[in-house]
Amino acid sequence: MIIRRLPLRKELAITTTALALSFSGTAMAHCDALDGPVINEARTALNSGDITPVLKWVPAEDEAELEAMFAKTLDVRALGDNAQELADQQFFATLVEIHRAYEGAPFTGIKPAGEIDPAVQLADKALEEGEIDAFLARIVEKFERNARAAFEATLAAKQQAGDDPERGREFVEHYVHYVHYLEDVHNVIAGNSSGHAH
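Residue numbers 3 to 200, in the numbering used here, belong to the letters of the sequence shown in order.
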């Protein structure tokens, strides 16, 4: 009897994408998240009245646009709490949209807090604390678990691959997943992957 889980191609895409994004240091819903580094720095800038720390997130040619938006935001914030909330949200959206365009990524709105991938949180925490051991341990553990699972499933399927064509096809599915998973992870580690988004 063959037990079906997610289609192997979907498993491969999900797992490889998660690892690729973890290795690239930032993940989806990171720069556009309310608790991400871009918006956290934007909050600090608005509260201090100094935009300088935020400008690193945008290209030089967009500085003037963002500075003009920042000045308007500060003016509107002075009108009261409701006005401040709306002005801040508009500034965050403008900042993130410019930043995403600079990366070549679409702007799909500001994401709620609490959705940043744990691996990305650990990557940021490593920078804050000046120590990367916890992050590396998480990545290594995740890779080893997934690689062993793919290997064991492929090995088990290989032992029955000659019984009939259906079992042979099951082995081929596992084999393709196993080999492509290791290849994709190796390419990420070797710097051969161009995919990244945060």
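All residues carry an ideal CB built from backbone N, CA and C; glycine is no exception. Predicted model, so just to flag it, every value in this text is computed and none were measured.
Our two residues, F72 and K127, have alpha carbons roughly 28 Å apart in a direct line. Considering only L138, P108, Y104, T110, the residue with the shortest C-alpha distance to P120 is L138. Among the bridge pairs identified by DSSP, K160 is matched with none. Judged by DSSP in its simplified three-state form, A115 adopts coil rather than helix or strand. Distances from the CA of V174 to each of L184, Q162, H32 were compared; the closest alpha carbon is that of Q162. Burial is judged here by how many other beta carbons sit within 10 angstroms of a residue's own beta carbon; E172 has at least 16 and is buried. A Cβ-Cβ distance of about 6 Å is found for the pair I112 and V98, placing them in contact under the 8 Å criterion.
Under the Cβ criterion (8 Å, minimum of three pairs), the stretch 80-92 does not count as touching the stretch 100-110.
Counting along the chain, the unbroken alpha helix (DSSP H) around G170 starts and ends at 167-192. Sorting D34, D90, E65 by C-alpha distance to the C-alpha of D77 places D90 at the top. Counting C-beta pairs with one atom in each stretch, the stretch 53-60 and the stretch 34-44 have three or more that are closer than 8 Å, which means they touch.
Excluding sequence positions up to five before and after Y104, its CB lies within less than 7 Å of the CB of V60, P61, all in the same chain and listed in chain order.
A136 sits in a helix when the DSSP states are folded into three classes. Counting only unbroken stretches of 3 or more residues, no beta strand (DSSP E) element lies wholly within the stretch 35-62. Check the Cα spacing between K144 and each of L81, T75, G51, V187: the tightest is with V187. For H101, the enclosing alpha helix (DSSP H) starts and ends at 83-105. In the assembly as shown, I53 is a buried residue. Its beta-carbon has 16 or more other beta-carbons within 10 Å.
A straight-line Cα-Cα distance of about 31 Å links E69 and L124. According to the DSSP assignment, D77 belongs to the alpha helix (DSSP H) that extends over 65-79.
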